[in-house]
Amino acid sequence: MRKSLIWTLMLLIVISSFSTLHAPITSANVISSPKDVLKKINEDMDVLYDLGKDYYKDYITLNGNRLNLRTDLIQKRLNMATNEGDKLEPKANTFEIVYGSDHGAYLNHKGQKMREYSGYSIDGHSVPTEGVRWFAGWSGKKIQDFKLIPQPWINPKVRGYGITQTDFDQYSDTGNKYLQDGTFEQSILTGLTINYGGKHTYDDFIYNDKNEKYLGRRVYDDGAKPSQGGNWTHYVHVLQPPTEYSWGFGTIYIDSSIGITYLDIPLAPFILQDKDISAKFDSLPKEAVAGDRVKVAVSVQSSFPDPVTPEYEWSITSGGTALTSQDDGLQFSGHSSSSSGTIKLVKNQSRVLFAEFVMPNNEVRIQFKVNSDGKSPEEALLGNNKLDSNPIAVKVIKPIGLGYDVLSQKDRFSLINNPLTATLKLPFPDASWTGPATGMLNVSNDTPDLFREHKVTNNPEVNEWSETISRSPVFEATIHRKDFGDDPENKKWKKPAPDPKDPIRRDGTVSYSGSVSRDYEYTVEDCIKDEEGNPHCTDRTVEGTDTAPFQVPGTDKKIYDVYVYNGLKEIPEQTFQNKINYSTADKTFKKDMYWENEPYNYDVIRWMYHLDENGKPYAPNGIKPDANDNGIAVPGQYQRVFTQQASANIAWKSEKTMAQEYATARKAAKDKKNNKKLYDKAVFPTDRDLQKYAYPIKSGYYFNPAGSYTFNVKTVTYKQSDADTKDHEDLVNTLIDSFRYETNLIYINNKKTAVNIANDPLDPKGGGFKTVPGILSAKNPKGVNGEVLLEVLDRSDKNEQRFKKEVEEIESSMQKAGTTHKFWKMVMEGYTDSSTLGSNTYYNYREFVKDGQKKMYKITETTKVTIQINPKNTAIYTHANMQNGKYYVKAWVADTTLSRGDHTYKKLGTLQGVDLLDNIEVTVIGSMFDDLNN
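For the sequence shown, the residue numbers in the working numbering are 135 to 1068.
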């Protein structure tokens, strides 16, 4: 069967210079003869593979011929153990079960003669002679680098040579205490290392100087697995399994330029396998954010057939200082909850240990060791007993923060492992490149909903005449606030509002992978044996392509923190007065009104920015900024309410009192003057005995009402118009209507009817009339005979300017450099005036009145009103039958409600009047008839 395959390389079992220690077979093992060896091996075949205790017999029959067991080869190995003592070659005390005799081609290497094969395996395969040379030569490619055919037992091309699947192809039995992972993988690795690794070079296999240019080159690297990936068990067609002391063997099939070739692979006896304890990181975060909790997992395994209890120890440090449970929340769990101790290991069963801690501000180094001195249990391979995260992990990730006023920010970063390198290698020293390296390092955006508008720079396609290709890609992207659920620019504020001190965090990853390829060629020598077994060789050119990855594919992780603050729903309320102050205890003359102005709602904006990779504001394409500093006017979440302290100052005074009005006539009477012109307002008697009274009169003469009274009103209100306010006008009218002129004197009208000053008829009483006071007011200005006895001079007076208005715009601007009045700052967030400066200090949040809204004005209006009594000095006669007595005349201001016009000052309730603005007491003694009779 094998003779029909084209081949270039065959496995030849040789005694290696690789040296190790293992227990020799002693009398205690009761193995001292080929018969004992056969018995022991058959027992293993029964126990390990359930193939019976007589699997290997004394002979086999092949092609009708009896082929006896070659006990001489077994005895040779027994003798090797006896002669070598305690330090044995690896193959001492290990055996190959071979039947028949030497056969195949006669080989002569520098005077050393041997046949190609030493016999046959139990299933009839030829077994190469120990120490036979590679008479077909060597291509120079290491065994692990061959282009292997996976699962050849099911490959149609291989099966065409009569290859069929055996029970041991991809064999798995976790119950076999010798199989480290339940497969033959370790047996294959050990067999390859003993036979081809260690100190072996091509010098040990060369045949008569064939391909001598490769002298000194290694044909296999210790412990190497197939370069194309996977385990050897995926490629080795197992023909004979190993036992504790016997070798197994199988075959790999190679897809070469001349067709399918093959190579026999040794499976080492289990006694030669190293018993090993190994540790590996199951979970090791490469990076973490300070303050985050980090969890590391380590798995520990043993290949010792029996349980062992080695010591282990964690070491977790940052900046050379050990982390602690108190300061760093360090905890251990899993199969052990201590930082050090012992752990029981059972073959093929993982033990997982965890360490957790809070990531500090500096990177953390994690070290772990188990059975580090190799003494308990005794262990030869200690390279996998220690783990160290340095320099890979755990790095501190510093989140990139988008501040409270940032809408987007560009980020530009080099990949974490830059430069990324791919190294191409010629397969043999005499091979040569035939073209440039081509390929691409692919950089992928794994988080497109975070990394917006991304691009990769400094990463051209590969087309270089070089064996080492390096790329240092730079990744650029824009991070948008709206991708974190907060989009104030479009009035989609984050709900519910997060704590402004706790950012919204997202992470994004960029992955990278890729490879380069380059064509090469080399010359090989093909040899074919003739009928006599003599090789005939020819040269030919082989073309190939080497491919190399850009290191190991990986990812670069970035973390972004977006800080969110969208303003207070309500600004702290300003304190405004809502009251009336009176100037004196008896509530006269002056009054000061204070009330909170009616509110006006306004839209506000805040300034936010798009930042470039240097943190500087810029204007992205298609976006027009609203300010010279590239600021964007972003709507505030809440409207703000403008209000302010409104006020009114009212002052009453007697412009010309009654005393002043009647002074001329009164003085003329005292002086006994009889000039009628001097008695302009009233007729006072000249009788000496009546001068003791302030204002004596005799009934029947005229006594004209008189007096002039003024009040001034100054109001300050805030409006969205600069027009005259109704607030002021209505308050003035309210005050006008509250003035009263009152007297209980009895007058006579043109109808000879006794009336009061308001022309109300009076009923007789005794010899006189009932006294009913009459009142004049702005609403009832007419008196005796319908004469207008009260006149109001207000802003409509054409002879005197009685009204003036001052308008001050309460300036606002949404530009930072613009003017914003203090009154606005009192109702917007981010200012000392509103007790919210902290919003600006800590959260970069300050509001401005949005442009384009109605302006706000402070309106100061002043009106002077004069109320004149009997401005034409019309003669009003008292009734001649008015009874003697005391009478009064007074001017006063009534209490009044402030409800006119439904203005906000109505909340103040009632404006109290002036009880007595002006007055005189009139004494009636006698009548005009007394003077006529005299």
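Where is the CB? At the ideal position from N, CA and C, for every residue including glycine.
Nothing here was measured: the structure is a model prediction, and the numbers come from that model.
Where S578 falls: helix, strand or coil (DSSP): In the three-state scheme derived from DSSP, where H, G and I count as helix and E and B as strand, S578 is classed as strand.
Segment contact, 8 Å Cβ cut-off, at least three pairs: the segment 224-239 with the segment 184-198: In short, these stretches touch, since the Cβ pair count reaches three.
Pairwise C-alpha distance: N731 and Q778: Taking the CA atoms as reference points, Q778 sits about 5 Å from N731.
Own chain partners of S150 with C-beta closer than 7 Å, once the 5 adjacent residues on each side are dropped: Because S150 sits at a pLDDT of 30, beneath the cut-off of 50, its placement in the model cannot be relied upon, and the following sentence gives the value as read from the coordinates. If we look at S150 and ignore the five residues flanking it on each side, its Cβ neighbours are P224, I328, N329, G332, H334.
Within 7 Å, strictly: CB atoms of Y654 and W567: Cβ atoms of Y654 and W567: closer than 7 Å.
Any chain C beta carbon closer than 7 Å to I705: Reference to chain C is not applicable here, since this structure consists of a single protein chain.
Simplified DSSP state of L869, which is helix, strand or coil: Correct three-state label for L869: helix.
Beta-carbon spacing of R485, V434 below 7 Å: With respect to the 7 Å criterion, R485 and V434 are classified as neighbours on the basis of their beta carbons.
Run of the alpha helix (DSSP H) containing N890, from where it starts to where it stops: From DSSP, N890 is part of no alpha helix (DSSP H); its letter is neither H nor E.
Same chain only: Cβ atoms within 8 Å of T160, ignoring 5 sequence neighbours per side: Any answer about T160 is weak, because its pLDDT of 38 lies below 50 and its placement is not dependable; what the coordinates show is given next. Excluding residues within five positions, none has a Cβ falling inside 8 Å.
Residue ranges of each beta strand (DSSP E) within the segment 767-797, 3 or longer: Taken in chain order, the complete beta strand (DSSP E) segments of 3 or more residues contained in the segment 767-797 are 774-776, 779-790.
Pairwise C-alpha distance: N867 and A797: Computed Cα separation, rounded: 32 Å.
Under 7 Å between C-beta atoms of P637 and D545: The criterion of a C-beta distance shorter than 7 Å is not satisfied by P637 and D545.
Strand pairing of M248, partner residues [DSSP]: The partner list for M248 (beta bridge, DSSP) reads L241.
Contacting residues, own chain, Cβ-Cβ under 7 Å from F618 (five flanking each side not counted): Answer for F618: I638, R640, V696, listed in chain order.
Beta-bridge pairing of R674 - partner residues as DSSP gives them: Bridge partners of R674: V658.
K826, buried or exposed, once every other Cβ within 10 Å from all chains shown has been counted against 16: That one is exposed.
Proximity below 7 Å, CB of S649 to CB of P687: The Cβ atoms of S649 and P687 lie no closer than 7 Å to each other.
Residue span of the alpha helix (DSSP H) that contains Y976, given as start and end: Residues 971-977.
Residue range of the alpha helix (DSSP H) that includes G325: Note, G325: alpha helix (DSSP H), 319-330.
Where the alpha helix (DSSP H) through L1066 begins and ends: Counting along the chain, the alpha helix (DSSP H) containing L1066 begins and ends at 1062-1067.
Short Cβ contact (7 Å threshold) for F466 with S473: Cβ atoms of F466 and S473: closer than 7 Å.
Cut-off 7 Å between Cβ atoms - residues of its own chain near S1033, not counting five sequence neighbours on either side: Excluding positions up to five away in sequence, the list reads K1040.
Span separating the alpha-carbon of T612 from that of L457: Separation of T612 and L457 (C-alpha to C-alpha, rounded to the nearest whole angstrom) is 37 Å.
Residue closest to I880, alpha-carbon to alpha-carbon, out of N933, K899, T1012: Of the candidates N933, K899, T1012, the residue whose Cα lies closest to the Cα of I880 is T1012.
Selected residue, minimal CA-CA separation from A799, among K414, Y836, W786: Here the closest residue by C-alpha is Y836.
Neighbour-count burial assignment, D674, 16 or more Cβ in a 10 Å radius: Residue identity check: residue 674 is Arg in the sequence provided, not Asp. With fewer than 16 Cβ atoms within 10 Å of its Cβ, R674 is classed as exposed.
L541 vs E963 beta-carbon contact at 7 Å: Contact flag unset, no.
Three-state secondary structure assigned by DSSP to K429: Three-state DSSP puts K429 in a strand.
Contact under 7 Å by Cβ, I1051 with W1026: According to the sequence provided, residue 1051 is Leu. The question's Ile does not apply to it. A contact, by the Cβ cut-off of 7 Å.
Short Cβ contact (7 Å threshold) for N1015 with G917: One thing to note: N1015 has its Cβ no nearer than 7 Å to the Cβ of G917.
Local conformation of I1059 per DSSP, three classes: In the structure shown, I1059 sits in a strand (DSSP, three-state: E or B).
Inter-residue spacing [alpha-carbon to alpha-carbon] between L207 and P286: If you take the alpha carbons of L207 and P286, they lie about 31 Å apart.
Check whether P419 and V428 have beta carbons under 7 Å apart: A Cβ-Cβ contact shorter than 7 Å links P419 with V428.
As assigned by DSSP and simplified to three states, the class of W627: Correct three-state label for W627: coil.
Three-state secondary structure assigned by DSSP to M727: Three-state result, M727: strand.
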